[in-house]
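In this note's numbering, the protein residues as written are 25 to 422. As structure tokens, the structure follows; a few thoughts come after it.
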Amino acid sequence: MSESLSPVSSSPSSLATARPGIAPRVAIVGGGVMGLSLGWQLAGAGCAVSLFEAGETGRGASHAAAGMLAACAEAEPGEEELLALNRASQALWPAFAAELEAASGASVDLRTEGTLTIGLTADDGARLRHLFAFQTSLGLPVQWLTAAETRRREPRLAGQLSGAILTAEDHQVDNRKVAAALKIAAARAGVSIFEHSPVAKVATSGGRVLGVVVGEELKPADVVILAAGAWSRGVDITPAAPLPVRPVKGQMLALRMDPAAPLLNHVIWAPGSYLVPRRDGRLILGATTEEKGFDTDLTAGGQLALLTHAWRALPGLEELSIHEQWVGFRPGSRDDAPILGPSAEVEGLVFATGHHRNGILLLPVTARLVADFVLSGRLDPLAAPFEAGRFAPRAAAE
Ligand code: FAD
Ligand code: GLY
């Protein structure tokens, strides 16, 4: 895959067979970064795109996130195929950000200082050594830093440090600015955006999509893209099975630094929390991981844990004022990997959801792979492991 987003393929679409030779009419369910970016790409390629958002665009997980593009720091054992997707998306980010900024006229604050995963105690240091060996075995671009080298990069870190892993390609972006820029870019490309318009169901006939139902009204479409994040299971897609997507609650907290004298410049993964410094002076602390459905409560325990872990890593933060506290819902699938590409049960139904902890990281590659599929009917092999069909019940053994 090239490291630029454009041009999206414009070869004949097998999904447009309802109206041969004419670009498909696309209805997108959900106005988070996934829905907005797909709208932008597909309208730019000549499709008539309508995007339906239950509330206001960009206010779901895309608003709640920390914006880390942490393919290396968040690599997990057993997730090699996901790692390939994450790394491909990471490589696309600089071009994606530049194209989005040009298309919208708005900055998205892509920062390239990289990420430090730090250890405080000797125990942490031993754990970090194991992580470093694992990351090295995957061929990831990681560098071991001694305590002194770590402190040279970030002098305000705690007095006791046992070293750090530098993942220099793990950048960050301001996800709220990304969502705002995508809305502008999508509208400029011709996407019709309907806010406060929840989609109740995907209308079908004879195993093919007819459109989406909003209120009592059918909005006709040849292709429907389900990009409703943690709420994707709530959209009726019968006769297809409901998607196995659940909300994974995360509490967050932002402190206010002096933008001219920030306490940190790198993204920091410390034991128990991460710290993300923004250009505007916010220092974002995250995040809890809770299986509590759509519970929006901020809890004393959740906030205390974030502050305590972050304070151990960066004691100077105790002087900072609290700027904001919030809750968001990661769209977690049954295997915590995204769900991309066509439904095997309903022709014309396409999924772009389930991005869990890495939806901001996975944005450029999702926009590319899913838009290409809608336009060409071909799914890039990179996306094949993430088709919804992996969740289909297996035939009973004979
Ligand atoms: P959303 O942004 O949630 O958008 C879905 C939209 O669909 C919402 O606007 C919703 O209102 C709408 N909708 C729902 N139902 C309907 C309906 N019936 N009809 C119409 N519209 C509907 N990822 C990273 O890569 N890096 C990070 O650092 C990071 N940090 C995170 C921290 C937290 C606390 C959380 C919660 C998430 C984090 N993520 C991170 C994950 C990332 O935010 C998500 O994976 C990503 O934003 C998902 O985007 P989305 O567009 O699918 O979902
Ligand atoms: N990727 C960070 C989070 O989901 O909290």
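Ideal Cβ positions, reconstructed from N, Cα and C, are used throughout, including at glycine. A quick note: this is a predicted structure, and the numbers were derived from the prediction, not measured.
Query: Under 8 Å Cβ to Cβ from L386, same chain only, skipping five residues before and after it: list those, please.; Result: L109, N110, S113, P362 and H379
Query: Measuring alpha carbon to alpha carbon, tell me which residue in L322, G258, P405 and S161 is nearest E348.; Result: L322
Query: Does the beta-carbon distance from A95 to D198 come in below 8 Å?; Result: no
Query: For G55, which residues in the same chain have their Cβ closer than 6 Å to its Cβ, ignoring the five residues on either side in sequence?; Result: L75, E77 and T81
Query: DSSP state of M25, grouped into three classes?; Result: For M25, the predicted structure reports a pLDDT of 39, less than 50, and the residue's modelled location is therefore unreliable. A value from the coordinates is still provided. Here M25 sits in coil by DSSP.
Query: Name the one or two DSSP bridge partners that P362 has.; Result: In DSSP, P362 forms no bridge with anything.
Query: List in chain order: all unbroken alpha helix (DSSP H) runs of 4+ residues lying wholly within the segment 57-113.; Result: 57-68 and 85-88
Query: Put S221 into one of helix, strand or coil per three-state DSSP.; Result: coil
Query: Ligand 2 and G317: does any heavy atom of the ligand fall closer than 7 Å to the residue's C-beta?; Result: no
Query: Give the DSSP bridge partners of T377, in chain order.; Result: I363
Query: Determine the direct distance from the alpha carbon of G235 to that of P266, and round the result to whole angstroms.; Result: 17 Å
Query: Within a Cβ cutoff of 6 Å, which residues of the same chain sit near A127, ignoring the five residues on either side of it in sequence?; Result: A209
Query: Look at L152 and W117 and say whether their C-beta atoms are less than 8 Å apart.; Result: no
Query: Roughly how many whole angstroms lie between the Cα atoms of P271 and P355?; Result: 5 Å
Query: What would DSSP say about L152, mapped onto helix, strand or coil?; Result: helix
Query: Quick one: grab the DSSP three-state call for E240.; Result: coil
Query: Using a Cβ-Cβ cutoff of less than 7 Å, which residues in the same chain neighbour L206 once the five nearest sequence positions on both sides are dropped?; Result: V57, L60, S61, W64 and L124
Query: Taking buried to mean at least 16 other C-beta atoms within 10 Å of its own C-beta, is T174 buried or exposed?; Result: buried
Query: Under 7 Å from any heavy atom of ligand 1, does the C-beta of E77 make it?; Result: yes
Query: Is S86 near ligand 1, with its Cβ less than 7 Å from a heavy atom?; Result: yes
Query: If I follow the unbroken alpha helix (DSSP H) through E348, where does it start and stop?; Result: Run containing E348: none in the alpha helix (DSSP H); it sits in the beta strand (DSSP E), S345 to S357.
Query: Tell me where the beta strand (DSSP E) around P271 begins and ends.; Result: V269 to R280
Query: Tell whether a beta-carbon distance below 8 Å holds between R180 and H290.; Result: no
Query: Do you know how far the Cα of Q275 is from the Cα of E219?; Result: 26 Å
Query: Using CA coordinates, which residue listed in R257, P48 and S400 is at the minimum distance from G317?; Result: R257
Query: What's the C-alpha gap between L288 and L373?; Result: 44 Å
Query: Please report whether the beta-carbon of L124 lies at a distance below 8 Å from any beta-carbon of chain B.; Result: Protein chains in the displayed structure number just one, and chain B is not present.
Query: M25: buried (16+ other C-beta within 10 angstroms of its C-beta) or exposed?; Result: Reliability fails at M25, whose pLDDT of 39 lies under 50, so the model's placement of it is uncertain and the value that follows must be treated cautiously. M25 should be labelled exposed.
Query: Using alpha carbons as the reference points, say which of E103, L185 and T191 lies closest to G143.; Result: L185
Query: Which residues mark the beginning and the end of the beta strand (DSSP E) in which P301 is found?; Result: S297 to P301
Query: Determine the extent of the beta strand (DSSP E) in which R306 is found, giving its start and end residues.; Result: R306 to G310
Query: Need the endpoints of the alpha helix (DSSP H) that G187 sits in, please.; Result: Segment G187 to T191 is the beta strand (DSSP E) holding G187; no alpha helix (DSSP H) there.
Query: Return the chain-ordered list of same chain residues with a C-beta closer than 6 Å to the C-beta of P409, the five sequence neighbours on each side being excluded.; Result: E105
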